[in-house]
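The working numbering puts the first residue of the sequence shown at 48, with every later residue one more than the last. The C-beta atom is built at its ideal place from N, Cα and C for all residues, glycine as well. Keep in mind the model is a prediction, meaning the values are calculated, not measured. Okay, structure first, notes after.
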Amino acid sequence: MSSPDHSPDFIPFALPSIGPEEIAEVSRVLESGWLTTGKYCRRFETEFAEACGARHALTLNSGTAGLHLALEALGVGPGDRVLTVTHTFTATAEVIRYLGADPVFVDIDPQTLNLDLNQTEEKLKNQPGIKVLLPVHFGGLPCDMDRITQLAERYGVALVEDAAHAFPAASGGRKIGSISDATMFSFYVTKTLATGEGGMVCTNDDKLAERMKVMRLHGISKDVFNRYQSRKAAWEYEVIAPGFKYNMTDLAAAIGVHQLAKAEKLRLRREWITGEYNNAFQDLPVILPPEPGPGDIHSRHLYVLRLKADAPLSRDAMIEALSEAGIGSSVHFIPLHRHPYWRERYGLKSGDFPQSERCFQSCLSLPVWPGMTDIQVGRVAQVVCRLLGKDGG
Ligand SMILES: *Cc1c(COP(=O)(O)O)cnc(C)c1O
48 MSSPDHSPDF IPFALPSIGP EEIAEVSRVL ESGWLTTGKY CRRFETEFAE ACGARHALTL
108 NSGTAGLHLA LEALGVGPGD RVLTVTHTFT ATAEVIRYLG ADPVFVDIDP QTLNLDLNQT
168 EEKLKNQPGI KVLLPVHFGG LPCDMDRITQ LAERYGVALV EDAAHAFPAA SGGRKIGSIS
228 DATMFSFYVT KTLATGEGGM VCTNDDKLAE RMKVMRLHGI SKDVFNRYQS RKAAWEYEVI
288 APGFKYNMTD LAAAIGVHQL AKAEKLRLRR EWITGEYNNA FQDLPVILPP EPGPGDIHSR
348 HLYVLRLKAD APLSRDAMIE ALSEAGIGSS VHFIPLHRHP YWRERYGLKS GDFPQSERCF
408 QSCLSLPVWP GMTDIQVGRV AQVVCRLLGK DGG
């Protein structure tokens, strides 16, 4: 692939929407001298919990940490299995291995690109040892959480959502973050709410929240802010477990509170860009991204286009041509069954996941970041139409 063009005309695949509010707030944190977990994290947690209708929201230094803490708090360990989807980022599944448990992978539904729920039910029925169901809201299109909740209840398994792509989002009228035992959000730089690195885990369960709070900071029973702010015996603390170092900094939370305040505005902008692309691409040899059902809110994190067999360019050639035209794009995802670690450890074959495989071979993700100008959106649409127009020109 040719090296990225850094000319001023280059349209990157993703860019965070950082404004003067974020910059001023980070300056305030720097001037305050309190850089790590403190009052900004508290505020971000309160406001985020409110925004997604959860009882508890815990700030973390990554989304991956949220999945790890949730599974740990649910007691997942060696001998347990966690059901998830092959069409995801490796973080979804690696946390299962952190705990010595094993993943059970299912294919995707080609309509929604989310996990296939018939296969999910089959595995729950036939595969012993599944303790947790871990769906991923691919690209921000919510999974059918009504059906998933029913499956979890019927088969007696816990529910943890990978909502790295799904803020803000809702399924069947319920906000993502308010539904499952625990829900993870990622604030990695490319995500819909970006703090550089960062994440949040939400739960309505007081006991899970308490365990995750302790484990996110070395297994200490009070967090660092309490320790240094309380009047008496600031030096005193107790370690009750070998915990992790997963707390967020106030620097990140200061960005987060402003990102949160504009999250719906940014979502609407991505939705508008999506609509522009959908209109422009209607007659091309492509499958347009799936649309949400009634009662669903799509975060519009990714715009995933699938090339049909009669497209004039292969997916790889298309990415190359876009790059030459000064447009960044990406592929979501290289499915887990294609990576040596997962393939070899679990004996996975491409033939086991035909839908994920087909999607991977034919898909590319176009830029949908809210700061794109109307002219940039038009340029992407025009170049894609030129490259995929059946007349070739
Ligand atoms: C980004 C991402 C994660 C990991 O989030 P981090 O904040 O980078 O740890 C997990 N799952 C999916 C599907 C992701 O896209």
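Exercise. Run through DSSP, which three-state label would E371 get?
Worked result: Position 324 of the sequence shown, counted from the first residue, corresponds to residue 371. Helix.
For this session: Ignore the nearest five residues each way along the sequence and tell me which others in E371's own chain have a CB closer than 6 Å to its CB.
Result: Along the sequence shown, one-based indexing puts residue 371 at 324. Contacts found: none.
Exercise. When the Cα atoms are used, what is the spatial distance from P417 to A210?
Worked result: Here residue 417 refers to the residue found at position 370 of the sequence shown. Here residue 210 refers to the residue found at position 163 of the sequence shown. Going from the Cα of P417 to the Cα of A210 covers about 20 Å.
For this session: Ignoring anything shorter than 3 residues or poking outside the region 385-440, list the beta strand (DSSP E) runs there in chain order.
Result: 410-413
For this session: Report the residue ranges of all alpha helix (DSSP H) runs contained in full by the region 63-142; include only those spanning at least 4 residues, in chain order.
Result: 67-79, 86-99, 110-120
For this session: Specify the secondary structure class of Y293 as computed by DSSP and reduced to three states.
Result: The residue given as residue 293 occupies position 246 in the sequence shown. Here Y293 sits in coil by DSSP.
Exercise. In this structure, does DSSP put F152 in helix, strand or coil?
Worked result: As a working mapping, residue 152 is identified with position 105 in the sequence shown. Correct three-state label for F152: strand.
Exercise. Residue range of the alpha helix (DSSP H) that Y202 falls in?
Worked result: To locate residue 202, count along the sequence shown from 1; it is residue 155. Note, Y202: alpha helix (DSSP H), 192-202.
Exercise. Between the beta-carbon of H115 and the beta-carbon of A256, is there less than 8 Å?
Worked result: Counted from its first residue, the sequence shown places residue 115 at position 68. Counted from its first residue, the sequence shown places residue 256 at position 209. Cβ atoms of H115 and A256: not closer than 8 Å.
Problem set entry | Inter-residue CB distance, G245 and M262 (contact presumed, cutoff 8 Å) | Numbered from its first residue, the sequence shown carries residue 245 at position 198. Numbered from its first residue, the sequence shown carries residue 262 at position 215. Contact doesn't hold; Cβ gap of about 17 Å is too wide.
For this session: Determine the closest residue to R144 out of V129, C406, H134, Q158, with distance taken between C-alpha atoms.
Result: Along the sequence shown, one-based indexing puts residue 144 at 97. Out of V129, C406, H134, Q158, V129 has the C-alpha closest to the C-alpha of R144.
Exercise. Does ligand 1 have a heavy atom nearer than 7 Å to the CB of A211?
Worked result: The residue labelled residue 211 in the question sits at position 164 within the sequence shown. Short note on A211: C-beta closer than 7 Å to some heavy atom of ligand 1.
Exercise. For L349 versus H134, is the C-beta distance shorter than 8 Å?
Worked result: The count along the sequence shown starts at 1 and reaches residue 349 at position 302. The count along the sequence shown starts at 1 and reaches residue 134 at position 87. Contact annotation: L349 and H134 have beta-carbon atoms that are not nearer than 8 Å.
Exercise. What alpha helix (DSSP H) runs, 4 residues minimum, are completely inside the region 286-343?
Worked result: Assignment of alpha helix (DSSP H) within the region 286-343, counting only whole runs of 4 or more residues, yields 297-308, 310-328 in chain order.
Problem set entry | Nonlocal neighbours in the same chain, by C-beta distance under 6 Å from I226, ignoring five residues either side | Within the sequence shown, numbered from 1, the residue matching residue 226 stands at position 179. M192, listed in sequence order.
Exercise. What are the partner residues of G243, as DSSP defines its beta bridges?
Worked result: The residue labelled residue 243 in the question sits at position 196 within the sequence shown. Residue pairing for G243: DSSP places it in a beta bridge opposite Y235.
For this session: Can you have a look at P341 and say buried or exposed, based on whether 16 or more other CB atoms are within 10 angstroms of its CB?
Result: Numbered from 1 along the sequence shown, position 294 holds the residue referred to as residue 341. Exposed is the call here.
Exercise. Expressed to the nearest angstrom, what Euclidean distance is found between the alpha-carbon atoms of E94 and T230?
Worked result: Counted from its first residue, the sequence shown places residue 94 at position 47. Counted from its first residue, the sequence shown places residue 230 at position 183. Computed Cα separation, rounded: 16 Å.
Exercise. Hey, how far is the Cα of L82 from the Cα of T296?
Worked result: Taking the first residue of the sequence shown as position 1, residue 82 is located at position 35. Taking the first residue of the sequence shown as position 1, residue 296 is located at position 249. Roughly 6 Å between the two C-alpha positions.
Problem set entry | Whole-angstrom distance between A205 and R426, CA atom to CA atom | Locating residue 426 in the sequence shown gives position 379, counting from the first residue. Locating residue 205 in the sequence shown gives position 158, counting from the first residue. Roughly 46 Å between the two C-alpha positions.
Exercise. Run through DSSP, which three-state label would K222 get?
Worked result: Stepping through the sequence shown from its first residue, residue 222 is reached at position 175. Here K222 sits in strand by DSSP.
Exercise. Which residues in the same chain have their Cβ closer than 7 Å to the Cβ of M365, if we skip the five residues on either side of it in sequence?
Worked result: As a first step, residue 365 must be located in the sequence shown, where it is residue number 318. The answer, listed in chain order, is L354, L411, L434.
Exercise. Thinking C-alpha only, which one of K260, K312, E311 is nearest I287?
Worked result: As a working note, residue 287 is residue 240 in the sequence shown. The shortest C-alpha separation from I287 is found at K260.
For this session: Would you mind working out which of W389, P387, A358 sits nearest S409, comparing C-alpha positions?
Result: Working through the sequence shown from its first residue, we reach residue 409 at position 362. When each option's Cα is compared against that of S409, the closest is A358.
For this session: Let me know if N294 comes out buried or exposed under the rule of 16 or more other beta-carbons within 10 Å of its beta-carbon.
Result: What you label residue 294 is simply residue 247 of the sequence shown in a count that begins at 1. By the neighbour-count definition (other C-beta atoms within 10 Å, threshold 16), N294 is a buried residue.
Problem set entry | L118 to Q429 span [Cα, whole Å] | For this step, residue 118 is matched to residue 71 along the sequence shown. For this step, residue 429 is matched to residue 382 along the sequence shown. Distance between the alpha carbons of L118 and Q429 is about 45 Å.
Exercise. Below 8 Å, can you find three or more Cβ-Cβ pairs linking the region 147-167 to the region 186-200?
Worked result: yes
Exercise. In this structure, does DSSP put F57 in helix, strand or coil?
Worked result: Position 10 of the sequence shown, counted from the start, is the residue given in the question as residue 57. Of the three classes helix, strand and coil, the one that applies to F57 here is coil, per DSSP.
For this session: May I ask whether a heavy atom of ligand 1 can be found less than 7 Å away from the beta carbon of S346?
Result: Taking the first residue of the sequence shown as 1, we reach residue 346 at position 299. S346: no, Cβ never under 7 Å from ligand 1.
For this session: Tell me whether Y284 sits in a helix, a strand or coil according to DSSP, three-state version.
Result: Translated into the one-based positions of the sequence shown, residue 284 becomes position 237. Of the three classes helix, strand and coil, the one that applies to Y284 here is coil, per DSSP.
Exercise. Which two residues bound the contiguous alpha helix (DSSP H) that contains R258?
Worked result: As a working note, residue 258 is residue 211 in the sequence shown. Where R258 is concerned, the enclosing alpha helix (DSSP H) stretches over 253-262.
Problem set entry | As assigned by DSSP and simplified to three states, the class of I267 | Your numbering for residue 267 matches position 220 in the sequence shown. Residue state, collapsed to three classes: strand.
Problem set entry | Range of the contiguous alpha helix (DSSP H) that encloses K178 | The residue you call residue 178 lines up with position 131 of the sequence shown. Unbroken run through K178 is the beta strand (DSSP E), 177-180; no alpha helix (DSSP H).
Exercise. Just to confirm, does V183 get its C-beta within under 7 Å of one of the non-hydrogen atoms of ligand 1?
Worked result: Position 136 of the sequence shown, counting from 1, holds the residue named residue 183. Yes, Cβ of V183 sits closer than 7 Å to a heavy atom of ligand 1.
Problem set entry | Within 8 Å, strictly: CB atoms of C88 and A356 | Looking up residue 88 in the sequence shown gives position 41. Looking up residue 356 in the sequence shown gives position 309. For C88 and A356, no; Cβs fall outside 8 Å.
For this session: Name the two residues that bound the continuous alpha helix (DSSP H) containing L164.
Result: In the sequence shown, the residue the question calls residue 164 occupies position 117. 164-173 is the span of the alpha helix (DSSP H), which, as asked, contains L164.
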